[in-house]
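Each remark here refers to the structure printed beneath this line.
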Amino acid sequence: MIYFSGGDPGYITEVFNQTPLWEKIRSEFNSGTSLAGCSAGAMAFGSKIVGIRKSHIQSGLGLISNIEVIPHYDKFLGWVPDRIASIALRSDEGAYLIGIDEDTALVLTDQWRVQGRAKVHVLKGLDNSPHTFTSGEEIKLKVEYQ
6 MIYFSGGDPG YITEVFNQTP LWEKIRSEFN SGTSLAGCSA GAMAFGSKIV
56 GIRKSHIQSG LGLISNIEVI PHYDKFLGWV PDRIASIALR SDEGAYLIGI
106 DEDTALVLTD QWRVQGRAKV HVLKGLDNSP HTFTSGEEIK LKVEYQ
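Heads up: the sequence shown begins at 6 in the numbering used here, then just goes up one per residue.
Put into structure tokens, the structure is as follows:
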């Protein structure tokens, strides 16, 4: 398993993007190695990093090109609920905008499945309306790997 920790998703992207190490990680993932990201680590896997602390959108690593992640969604929504609408409006057309609550994971085996004590929220991308999923539920996402 290859694990990306939290921190600053922009920094993670800056350090790894277009390096031999990132190409090796991508190759290992495409060969079946498990890849995990916590908080900023999960955000960095998409082609875009939604601006939670900063108002602009940054480029991500692009491993999963059509997913944009908001970690700590349950806490974030309580801090600045009006930012969610602004993020949704700035996210890429055709991308899934996914909020993942604390102590919760969205895991891909043969299908995407929620694990943990809280919820995963698909805010944009399924059918233009938000959907909430709890532990054990499967989410049918049509993702694009690069």
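Beta carbons are placed, not taken as given, at the ideal position from N, Cα and C, and that holds for glycine.
Across the set Gly67, Arg118, Ser32, the C-alpha of Gly67 shows the shortest separation from the C-alpha of Thr18. The C-beta distance from Arg118 to Glu142 rounds to 7 Å, short enough to meet the 8 Å contact threshold.
Checking the DSSP bridge columns, you'll see Gln116 has no partner listed. Taking C-alpha positions only, Gly65 is separated from Gly12 by approximately 14 Å. Its chain contains Asn71, Ile72, Glu73, Val127, Lys129, Gly130, Leu131, Leu146, Val148 as the residues whose beta carbon lies nearer than 8 Å to that of Tyr101, once the 5 sequence neighbours on both sides are disregarded; these appear in chain order.
Straight-line measurement puts the Cα of Ser134 at about 30 Å from the Cα of Phe9. Around the beta carbon of Tyr78, 16 or more other beta carbons sit within 10 angstroms, so the residue counts as buried.
Looking only at Ala47, Ile30, Ser36, the smallest Cα-Cα distance to Ile105 is reached by Ala47.
Residue burial is scored here from C-beta neighbours: Val112 has fewer than 16 other C-beta atoms within 10 angstroms and is therefore classed as exposed. Ile54 has Gln63 as its beta-bridge partners, per DSSP. Secondary structure of Leu131 (DSSP, three-state): coil. Assignment of Lys124 by DSSP, reduced to helix, strand and coil, places it in the strand class.
Assignment of Val20 by DSSP, reduced to helix, strand and coil, places it in the helix class.
About 4 Å separates the beta carbons of Ala123 and Thr109, which is inside the 8 Å limit, making them a contact pair. In the three-state DSSP reduction, Gly15 falls in the helix class (H, G or I).
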